[in-house]
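Student:
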Amino acid sequence: MPTKTTDGKAGAKKAAPKKAAGSKPNALQQPLQPSKELAAIVGSNPLPRGEVVSKMWDYIKKNNLQNPENKREIIADDKLKPIFGKPKVTMFEMNKHLAQHLK
Numbered sequence: 001m002p003t004k005t006t007d008g009k010a011g012a013k014k015a016a017p018k019k020a021a022g023s024k025p026n027a028l029q030q031p032l033q034p035s036k037e038l039a040a041i042v043g044s045n046p047l048p049r050g051e052v053v054s055k056m057w058d059y060i061k062k063n064n065l066q067n068p069e070n071k072r073e074i075i076a077d078d079k080l081k082p083i084f085g086k087p088k089v090t091m092f093e094m095n096k097h098l099a100q101h102l103k
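Per the UniProt record's numbering, residue 1 is the first one in the sequence shown, and the count goes up by one each step.
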């Protein structure tokens, strides 16, 4: 039986689109293998990009590696220098450098 809307007209309920049982995860959900340099921070198991970025931020904040004058800047310590290839990067550059260490 159709449902009635507030204006008294009959309308059909729309079903939410369902994912197919075997659908592939999108690019952000696809587990990727970190390089050995990146694995020193995020672990050696394959992880989705979002989780890698989250673990990187946890590491950066835990070790107080944000520039106090410009929080968008990340100061690389001994573990981050091999990943970034330079002593400082902006948070926007970080993802570009991470992509080179995920396969």
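Cβ atoms here follow ideal geometry from the backbone N, Cα and C, with glycine treated the same way.
Should residue 84 be labelled buried (16 or more other beta-carbon atoms within 10 Å of its own) or exposed?
Tutor: buried
Student: Assuming residue 77 and residue 65 make a contact with CB atoms under 8 Å, what is their CB distance in whole Å?
Tutor: 6 Å
Student: Where does residue 73 fall in DSSP's three states?
Tutor: strand
Student: Please classify residue 34: is it buried, with 16 or more other beta-carbons within 10 angstroms of its beta-carbon, or exposed?
Tutor: buried
Student: State the DSSP-derived secondary structure class of residue 88, mapped to helix, strand or coil.
Tutor: strand
Student: Taking C-beta to C-beta, are residue 63 and residue 88 nearer than 9 Å?
Tutor: no
Student: Ends of the alpha helix (DSSP H) at residue 44?
Tutor: It is not in any alpha helix (DSSP H) - residue 44 carries neither H nor E in the DSSP assignment.
Student: Under a three-way DSSP split, which group does residue 82 fall into?
Tutor: helix
Student: In terms of residue numbering, what span does the alpha helix (DSSP H) encompassing residue 103 cover?
Tutor: Segment: none, residue 103 is in no alpha helix (DSSP H) and carries neither H nor E.
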